[in-house]
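> When we follow UniProt numbering, the leftmost residue of the sequence shown carries the number 1, and every step to the right adds one.
The C-beta atom is built at its ideal place from N, Cα and C for all residues, glycine as well.
Take this structure, written in structure tokens, and hold onto it; I'll ask about it next.
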Amino acid sequence: MAVYAIGDIQGCYDPLQRLLDLLRFDPAADRLWLVGDLVNRGPHSVEVLRLLHGLGEQAVAVLGNHDLTLLAVAAGQVKPKRKDTFQSILDAPDRDSLLGWLRHCPLLHHDSVLGFTMVHAGLPPQWDLALAQRGAAEVEAALRGPNYQDFLGRMFGSEPRRWKSDLSGYDRLRFTVNALTRMRFCTADGALSLAEKGPPGSQDKGLWPWFAVPDRHNTHLNIVFGHWASLGYYRAPGIYALDSGCVWGNRLTAIRLDDPQVPAWSVPALNLPPLPI
């Protein structure tokens, strides 16, 4: 059995199929980890969801910011943006099954046997694994609960930017969502800065890539994540960044978690239609 982790797909179904062929992925034996942003901006989001949903327990996906936005749009809490490509899912006869599966995906997945932790964007530098798991579980409970539509309507926004143990209610949930699904840069004391999208080195003074903050509390973890296309495929001790920008015409990347010394695989994003400007 092989365990593969794949970067942000964002509706790029054809590259995903080519990558699975390159991996010789066996759905009867192998497993997939998906770092989130399964949908949106690419042309075939509904096909991606159907494929991954059909894999059952052989696939585990964490939620990304685009996945959460889809759920909010489907729940009538926000309107889609002009560049969003959700309509194929919203019009699908199996939309309820697909959206229900997506709503029950975790925000964090940890496997102590493999020794890897997966989130979409990153872990706040002041969080250890136990705190990250607790925060993710709180958001997951809100998403799976009877009042999930209300949560989806109140999760957007950039405040609070700094973690405090006494945060409560939607402020606490919103910080967790932003940290786990939107974060790239933060200050040395962990205050989120969500506007910067460039590569490390492009940020304002006083900001750090979240994984480069000195003395962060989760340095002992092997963290698999995506979200950061301008960072691209990047590896450092304990850091496995997999968003190589497939939806922007670059590549879709996979690594093997049960044998992480094996070189990564990637396929180019071919024949994607241009996005609206």
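Answer with buried or exposed for G206, where buried requires no fewer than 16 other C-beta atoms within 10 angstroms of its C-beta.
Exposed.
> For my contact list, R182 and A121 are in at a C-beta cut-off of 8 Å; report their separation, rounded to the angstrom.
Their Cβ separation, rounded to whole angstroms, is 6 Å, which keeps R182 and A121 in contact under 8 Å.
> Can you tell me the Cβ-Cβ gap for F185 and P160, rounded? I've got them flagged as a contact below 8 Å.
Contact doesn't hold; Cβ gap of about 16 Å is too wide.
> I'd like to know if the segment 162–174 and the segment 254–268 are in contact, where contact means that at least 3 CB-CB pairs between them fall below 8 Å.
The segment 162–174 is not in contact with the segment 254–268.
> Would you check if the segment 113–132 and the segment 150–157 touch, i.e. whether three or more CB-CB distances between them fall below 8 Å?
Contact fails: fewer than three Cβ-Cβ distances are below 8 Å.
> Run through the DSSP bridge pairs and tell me what C105 is partnered with.
In DSSP, C105 forms no bridge with anything.
> Does the contact criterion of 3 or more C-beta pairs under 8 Å hold for the segment 229–245 versus the segment 192–199?
Short answer: they touch.
> In chain order, which alpha helix (DSSP H) runs of at least 4 residues are fully inside the UniProt domain "Calcineurin-like phosphoesterase" (1–126)?
Correct list: 13–23, 45–54, 65–74, 87–90, 95–103.
> Between V139 and V177, is the Cβ-Cβ spacing less than 9 Å?
A contact, by the Cβ cut-off of 9 Å.
> For I89 and L49, which I take to be in contact (beta-carbon distance under 8 Å), what is that distance rounded to the nearest angstrom?
Sure, about 7 Å apart at Cβ, within 8 Å.
> Within the continuous alpha helix (DSSP H) that includes Y170, where are the two ends?
Segment 169–181, the alpha helix (DSSP H) holding Y170.
> Express the C-alpha separation of A59 and P15 in angstroms, rounding to a whole number.
If I take the Cα positions, the gap works out to 17 Å.
> So V267 is in the beta strand (DSSP E); what residue range does that whole segment cover?
Element bounds for V267: 265–268.
> In terms of alpha-carbon separation, which member of R251, G238, V35, W163 lies closest to Q261?
Nearest of R251, G238, V35, W163 to Q261, Cα basis: G238.
> Would you call the segment 72–87 in contact with the segment 24–31, where contact means no fewer than 3 C-beta pairs closer than 8 Å?
Because the criterion of three Cβ pairs below 8 Å is not met, the segment 72–87 and the segment 24–31 do not touch.
> Could you tell me the alpha carbon to alpha carbon distance between G249 and F211, rounded to whole angstroms?
Using only the alpha carbons, I get a separation of about 26 Å.
> Give me, in chain order, the residues of the same chain whose beta-carbon lies closer than 8 Å to that of I223; leave out the 5 immediate sequence neighbours on both sides.
Excluding positions up to five away in sequence, the list reads F116, T117, M118, V119, G122, L123, F211, G238, I239, Y240.
> Less than 8 Å between C-beta atoms, sequence neighbours within five positions excluded: which residues of the same chain meet that for A98?
The question names Ala, yet the displayed sequence has Leu at residue 98. Result list for L98: V46, L49, R50, H53, I89, A92, in chain order.
> Would you give the residue range spanned by the alpha helix (DSSP H) that R151 belongs to?
In the sequence under discussion, the amino acid at residue 151 is Phe, which differs from the Arg named in the question. Taken as a continuous stretch (DSSP letters only), the alpha helix (DSSP H) holding F151 covers 148–154.
> In its own chain, which residues sit with a C-beta less than 7 Å from the C-beta of V267, not counting the 5 before and 5 after it?
So the qualifying residues of the chain are P15, R18, L19, L22, R251, L252.
> Could you give the distance in angstroms between the alpha-carbon of L55 and the alpha-carbon of D204?
Near 42 Å, if we compare the C-alpha coordinates of D204 and L55.
> If we ignore side chains and look at the alpha-carbon of each, how far apart do L242 and E57 end up?
Whole-angstrom Cα-Cα distance: 22 Å.
> Hey, quick one: how far does the alpha helix (DSSP H) through R144 stretch, first residue to last?
Where R144 is concerned, the enclosing alpha helix (DSSP H) stretches over 129–144.
> State the Cα-Cα distance for the pair P274 and R41, rounded to the nearest angstrom.
Low per-residue confidence applies at P274: pLDDT is 47, beneath 50, and the placement is therefore not dependable enough to give any value.
> Check for me: the beta strand (DSSP E) holding A254 runs from which residue to which?
Per DSSP, A254 belongs to the beta strand (DSSP E) from 251–256.
> When you compare the CB positions of G190 and G7, do they come within less than 9 Å of one another, or not?
No, these two residues do not count as a Cβ contact at 9 Å.
> Counting only runs that start and end within the segment 213–244, where is the alpha helix (DSSP H) found for 4 or more residues in a row?
For the segment 213–244, not a single whole alpha helix (DSSP H) run of length 4 or above is found.
> If I'm right that P106 touches V62 with Cβ under 8 Å, what's the distance once you round it to whole angstroms?
Between V62 and P106 the Cβ distance is about 6 Å, and since that is below 8 Å, they are a contact.
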